[in-house]
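Structure first, then comments.
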Amino acid sequence: MPTPTWDRLRPERRERIIAAGRAEFGEHGFSRASLNTIAREANVAKGSLFQYFDDKIDFFAHLAELSAQIVEDHMAKAIAPLPWDTDFFGSLTEALYLWDEFFANNPQDRALTAAINLEGDDQARLAVRQAVNPHYLGVLVPLIGHGQGSGQIREDADLEMAAALFLLILPHLALAPHTPGLDPIFGLDHKDFDSRKQVYVQFSDVFRRTFGAT
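Quick note: the sequence shown uses our numbering, first residue 3, plus one each step.
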């Protein structure tokens, strides 16, 4: 967590650091990023970063969590109007379309999602995933539980397994259309949006046949 000094910063200074960090981590990943570059772009002294965070790992985790919050806030608003109560699996398909569109239209958020999920350093990856995972699960677990509560997901369905599948597939669907070689099955990087939508229909159908009540 940031130190109290971070919370007392002038908002414009804090935003400069966040913007510089997001850009640098998105381009180079966390462990390979340059704190010197972040400090220079934010127009702050490098040493001041360690007044705001206990160490660089803490800085990584905080920026990763902010990134996850941006995605969560956008998606929560986007999927809220969908008819989950009456058409859970149709809503799921629409949500996957919206997920694809968000990452297609927000390359920095896509780059940070790649940095979080493809980080090569064990310590950095652990820190950023621990910061991000609760944002995924905080939406997925209640949403799947709601599907069960509305009678559209079987009463005996393994909800933890369902959430685990989404935790694996969602980052993949965010990145694969824009990352050659990441998806050897569907070749999402070679498909336009309309073609990718057919893959999302297939995924929803598999999920329905696996967990659906009918």
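All residues carry an ideal CB built from backbone N, CA and C; glycine is no exception.
These numbers were taken from a predicted model, which means no experiment stands behind them.
query                                                                                                                                                         : result
Look up Ile118 in the DSSP assignment and say whether it is helix, strand or coil.                                                                            : helix
Opposite Ile2 in the DSSP bridges: which residues?                                                                                                            : As shown, the chain starts at 3 and ends at 216. That puts residue 2 outside it, with no answer to give.
Over what stretch of residues does the alpha helix (DSSP H) that includes Pro182 continue unbroken?                                                           : Per DSSP, Pro182 belongs to no alpha helix (DSSP H) and is neither H nor E.
Report the option in Val203, Gln204 and Pro4 whose CA atom is closest to the CA atom of Lys58.                                                                : Pro4
What's the call for Ala47, buried or exposed, on a 16-neighbour Cβ count within 10 Å?                                                                         : exposed
Within 10 angstroms of the Cβ of Glu96, are there 16 or more other Cβ atoms? Answer buried if so, exposed if not.                                             : buried
Can you give the beta carbon distance from Ala126 to Phe32, rounded, assuming they're within the 8 Å contact cut?                                             : 4 Å
Can you tell me which of the three DSSP states Thr88 falls into?                                                                                              : coil
Look at Gly92 and Ser206 and say whether their C-beta atoms are less than 9 Å apart.                                                                          : yes
For Phe105, which of helix, strand or coil comes out of DSSP?                                                                                                 : helix
Quick one: give me the first and last residue of the alpha helix (DSSP H) that Tyr47 is part of.                                                              : The identity of residue 47 in the sequence shown is Ala, whereas the question assumes Tyr. Note, Ala47: premise wrong, no alpha helix (DSSP H); not H, not E.
Kindly confirm or deny that the region 170–183 and the region 99–109 touch, where touching means at least three C-beta pairs closer than 8 Å.                 : yes
Report buried or exposed for Ile40, applying the criterion of at least 16 other Cβ atoms within 10 angstroms of its Cβ.                                       : buried
Are the region 144–155 and the region 70–80 touching, with three or more C-beta to C-beta distances below 8 Å?                                                : no
What's the C-alpha gap between Asp191 and His174?                                                                                                             : 11 Å
In whole angstroms, what is the alpha-carbon distance linking His64 and Ile19?                                                                                : 12 Å
Going by beta carbon distance, what residues of the same chain come within less than 8 Å of Val141, once the five residues before and after it are set aside? : Glu74, Met77 and Ala78
So is Ser197 in contact with chain B if we call contact Cβ pairs under 9 Å?                                                                                   : Although the question refers to chain B, the structure presented lacks it and comprises just one protein chain.
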